[in-house]
Amino acid sequence: MATRQQKARQSKLDGSRGLAEWITIYQAYNAIFKLTELALLPHGLSLPQIHLLSVLKKGGAILTTGEIGRAMVKASQTITGLVDRLEEPGLVERVFDRRDRRKTWVRLTDKGEKKLAEAFPVTTRLAEELSSVLTDQELKDLQAKVERLRNAAMDKLAGALGRI
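So the sequence shown is numbered by our numbering: it starts at 487 and just counts up by one.
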């Protein structure tokens with residue numbers, strides 16, 4: 487039997503608008519992330535690495551580290567580490583800007599493009615499999631709602647970073 491204190495603590499959690507949904511989103515993200523990591527293991531890539539390769543492919547095969555960071559919503563240190571790990575096997579290469587030494591470009595190599603083409607279908611199949619529990623309309627609605635949440639969070643993040 488729950489004590490009055492336990493009930494009070496629980497009601498505070500239950501009364502927080504959006505908290506249960508945030509926890510569910512976080513749990514879903516973690517489960518999807520882990521499933522994708524397991525599926526990508528035979529290809530020697532992590533989910534963030536395949537995401538970076540995809541961002542480069544979509545961006546025309548060469549982007550600055552800042553552009554990659556914004557597209558991935560990651561700090562520059564994280565991008566540097568990802569690029570380091572992808573550069574070692576020759577999947578990307580750094581190109582230094584002679585006019586602006588602070589700017590570094592990252593280029594998708596032919597080897598990186600082949601690795602992406604080999605591994606990307608794994609993520610596509612997994613996304614299709616997991617999404618099959620939703621109707622097309624539910625998936626469309628989910629996309630619209632998650633985009634609204636992402637945009638609100640990105641706006642708030644931009645404001646917070648602007649104050650630092």
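Beta carbons: idealized from backbone N, C-alpha and C, even for Gly. Owing to the predicted nature of the structure, the values given are computational and were not obtained by experimental measurement.
Quick check on residue i: does DSSP put it in helix, strand or coil?
i	result
Thr-550	strand
Val-619	coil
Leu-647	helix
Glu-604	helix
Arg-634	helix
Glu-574	coil
Lys-626	helix
Is the distance from the Cβ of residue i to the Cβ of residue j below 9 Å?
i	j	result
Ser-562	Gly-546	no
Leu-524	Ile-536	no
Glu-574	Arg-580	no
Lys-543	Gly-576	no
Val-559	Leu-635	no
Ile-565	Leu-538	yes
Leu-531	Lys-601	yes
Taking all protein chains shown into account, do 16 or more other C-beta atoms lie within 10 angstroms of the C-beta of residue i, making it buried, or fewer, making it exposed?
i	result
Lys-520	exposed
Ile-509	exposed
Ala-517	exposed
Ala-605	buried
Ile-554	buried
Ala-639	exposed
Thr-522	buried
Leu-505	exposed
Need the endpoints of the beta strand (DSSP E) that residue i sits in, please.
i	result
Leu-590	Inspection of the sequence shows that residue 590 is occupied by Thr rather than by Leu. Where Thr-590 is concerned, the enclosing beta strand (DSSP E) stretches over 590-594.
Arg-585	That residue, Arg-585, is in no beta strand (DSSP E); it is neither H nor E in DSSP.
If you follow the alpha helix (DSSP H) that residue i is part of, which residue opens it and which one closes it?
i	result
Leu-526	505-526
Lys-544	533-544
Measure the beta-carbon distance from residue i to residue j and round it to whole angstroms, keeping in mind my assumption that it falls under 8 Å.
i	j	result
Val-541	Leu-549	7 Å
Leu-440	Leu-620	Since the first residue shown for the chain is 487 and the last is 650, residue 440 is missing from the structure and cannot be characterised.
Val-578	Leu-594	6 Å
Taking 9 Å as the CB-CB limit, is residue i close to chain D?
i	result
Ala-561	Absent from the structure: chain D. Only one protein chain is present.
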